[in-house]
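As structure tokens, the structure follows; a few thoughts come after it.
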Amino acid sequence: SLSFSDLSLSDHSLPASLSVSPDRSQFFEFESVSLSCEVQGNSARWRVVRNTSRGNLSECHTDWGKLQGSTCTVSLIPAHSGVYWCESVSGEHSNAVNITVHAGAVILESPALPVTEGVSVTLRCRYQGTPSNFTADFYKDGSLIRN
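First residue of the sequence shown: 1, per UniProt numbering; consecutive thereafter.
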């Protein structure tokens, strides 16, 4: 794995925050992800919504996701790739998270949410059914990153 500290900055001024568990932005097909709205105050006024890469805007528990309390759990397929966020009944919104679902064998494991500048981040390549001899090279903007 590789530590890296050149990712985007976080914004602490939003009224709510979308929490993603496990904390990553890429997933394999059929994996499960839990999305919840972290709000100071009443989270019942907030819902998880998404806009898929196909342009379908909808909220959890319409035709996707299972709502348990204020947490939306999704068993993922590639059509679920898109932007997810929390929205209040009065139209306020949280940070947005781009989630990509891959039917292939390799994903990049990196934090789903932006991190604060200077914080160390670990990036991993995950191979579905990892063979013992699996190695990976990391690239940033097309250039190989060397340790």
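The C-beta atom is built at its ideal place from N, Cα and C for all residues, glycine as well.
Computed from a prediction, not measured in an experiment: that's the story for all the values here.
Per DSSP, which one or two residues make a beta bridge with residue i?
i	result
S21	S34
T71	S36, Q68
G82	T52, I99
A112	Note: A112 sits in no beta bridge, so no partner.
A16	V39
Straight-line CA distance for residue i to residue j?
i	j	result
G142	P15	36 Å
H80	S34	13 Å
G104	Q26	11 Å
C60	Y84	10 Å
A112	S19	9 Å
E92	E31	29 Å
S5	K140	Residue confidence for S5 is low, a pLDDT of 42 falling below 50, so the modelled location carries little weight; the figure read from the coordinates is stated next. Going by the C-alpha atoms only, they are around 12 Å apart.
T116	P22	19 Å
S43	L57	21 Å
N95	C86	7 Å
T62	G69	15 Å
T52	W64	11 Å
S1	R54	Interpretation of S1 is limited by its pLDDT of 43, a score under 50 that renders its predicted location unreliable; the figure taken from the coordinates is listed afterwards. Straight-line Cα distance between these residues: approximately 33 Å.
S10	T71	Because S10 sits at a pLDDT of 45, beneath the cut-off of 50, its placement in the model cannot be relied upon, and the point is left open.
I107	S75	17 Å
E29	N98	16 Å
S8	G129	Model confidence at S8 stands at a pLDDT of 42, short of 50, so the residue's coordinates are unreliable and nothing is read from them.
G82	T100	6 Å
E38	V119	22 Å
S3	L123	The predicted position of S3 is uncertain, since its pLDDT is 43 and thus under 50; a value taken from the coordinates is nonetheless stated next. Cα-Cα distance, rounded: 6 Å.
Which two residues bound the contiguous beta strand (DSSP E) that contains residue i?
i	result
N95	93–102
I107	106–109
F27	26–28
C146	Strictly speaking, residue 146 in this sequence is Arg, with Cys absent from that position. Here R146 belongs to no beta strand (DSSP E), and DSSP marks it neither H nor E.
V121	121–127
S90	Note, S90: premise wrong, no beta strand (DSSP E); not H, not E.
Inset, instruction - Kindly provide the ranges of any beta strand (DSSP E) runs that are 3 or more residues long and lie completely inside the stretch 30–59, ordered along the chain. - result: 32–39, 46–52, 57–59
Inset, instruction - Examine the Cβ distances between the stretch 35–55 and the stretch 126–137 and report whether three or more of them are shorter than 8 Å. - result: no
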